[in-house]
Structure formats: C-alpha cells, structure tokens
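Trainee: Okay, handing you the structure first.
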Amino acid sequence: MNRKARAVWQGTGKEGTGHLTSDSGVLSSTPYSFKTRFENEKGTNPEELIAAAHAGCFTMALAFQLQGAGFTPTELTTEAVVSLEQEGSGFAIKKSALTLNANVPGIDRAKFEELARAAEKNCPVSKVLNAEITMDFTLA
Numbered sequence: 009m010n011r012k013a014r015a016v017w018q019g020t021g022k023e024g025t026g027h028l029t030s031d032s033g034v035l036s037s038t039p040y041s042f043k044t045r046f047e048n049e050k051g052t053n054p055e056e057l058i059a060a061a062h063a064g065c066f067t068m069a070l071a072f073q074l075q076g077a078g079f080t081p082t083e084l085t086t087e088a089v090v091s092l093e094q095e096g097s098g099f100a101i102k103k104s105a106l107t108l109n110a111n112v113p114g115i116d117r118a119k120f121e122e123l124a125r126a127a128e129k130n131c132p133v134s135k136v137l138n139a140e141i142t143m144d145f146t147l148a
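Heads up: the sequence shown is residues 9 to 148, going by our numbering.
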C-alpha cells in the first residue's frame, strides 16, 4: 500500500509559500508557509500533519488491540502534540506526546494500559518517528 501527497513551494524559505495536496483529496492545495509553521497563520504545517497522523494511527491501533482482547470502546479521543525544537542551526522534531481519553466498558486499568502501551509502540507512525514518543491516558 502506498499513499501519496505533493508539496509545491514558491519563493524563499521565509517569504515563500507552498501548498500540499494528497491523492485522497483531503488536502487540496492546502496552504503552508513560514507563517503557518512558526507564527500560527491560517494553513497547515508538517508538524500539525505529523500530529494528526500519529493521533489517528495510534487511536486506530488501540481500537484493534482492544478488539483483539474482546473489548469495544465507546470512544477513544487522542491528542498528539509534536514538538519542533531548535537543534544547532536548524530544527528537529524531538517529541510526540499522546494524550488519550478513553471510555471502554468492562476493562480494568492494568489491562487497558497494557493494550495502550502496545498500540503506542506498534502503530506504524510511532515506528517511523525518530523522536521520543510519550503517551498519557485517562480511562473513564
């Protein structure tokens, strides 16, 4: 399985602008720039997209872990915060912090944590990130 997205950039790093398009159409000439990345201007940025990918991947992986153990979640909500930090003269993504709120009837805390930790370590996005990955959770 292959998934594709394209980036087009025009101009310099700081004053230029770009847009991102994915084959699925979810991203369709979505703007990104220095300002969307570092100044919160409307548009997206690579870190936001990685955060979305990590939150989505982990949450789906956990749903499969729970299913395999005989549990059906009422709801799983995950927020991922990807940290971009200065490293020398450039930047590096150093951390992805997952915060999970879960409602899973009939599961005890120890079993839930075991399954959540397995999902954290084994979702494909966790595996591709060369960064510290943390995960906290709340079980209702």
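Virtual Cβ for every residue (Gly too), placed ideally from N, Cα, C.
Straight-line CA distance for residue 44 to residue 23?
Mentor: Their Cα atoms are separated by approximately 11 Å.
Trainee: Pull up the distance between the alpha-carbon of residue 52 and that of residue 13, whole angstroms please.
Mentor: Rounded to the nearest angstrom, the two C-alpha atoms are 14 Å apart.
Trainee: If you draw a straight line from the C-alpha of residue 93 to the C-alpha of residue 46, how long is it?
Mentor: Cα-Cα distance, rounded: 11 Å.
Trainee: Assuming residue 86 and residue 106 make a contact with CB atoms under 8 Å, what is their CB distance in whole Å?
Mentor: Yes, residue 86 and residue 106 are in contact; Cβ-Cβ is about 6 Å, under 8 Å.
Trainee: How many Å lie between residue 125 and residue 102 at the Cα?
Mentor: Whole-angstrom Cα-Cα distance: 20 Å.
Trainee: Does the beta-carbon distance from residue 37 to residue 28 come in below 9 Å?
Mentor: Yes.
Trainee: Name the one or two DSSP bridge partners that residue 116 has.
Mentor: In the DSSP output, where bridge partners are listed per residue, residue 116 has none listed.
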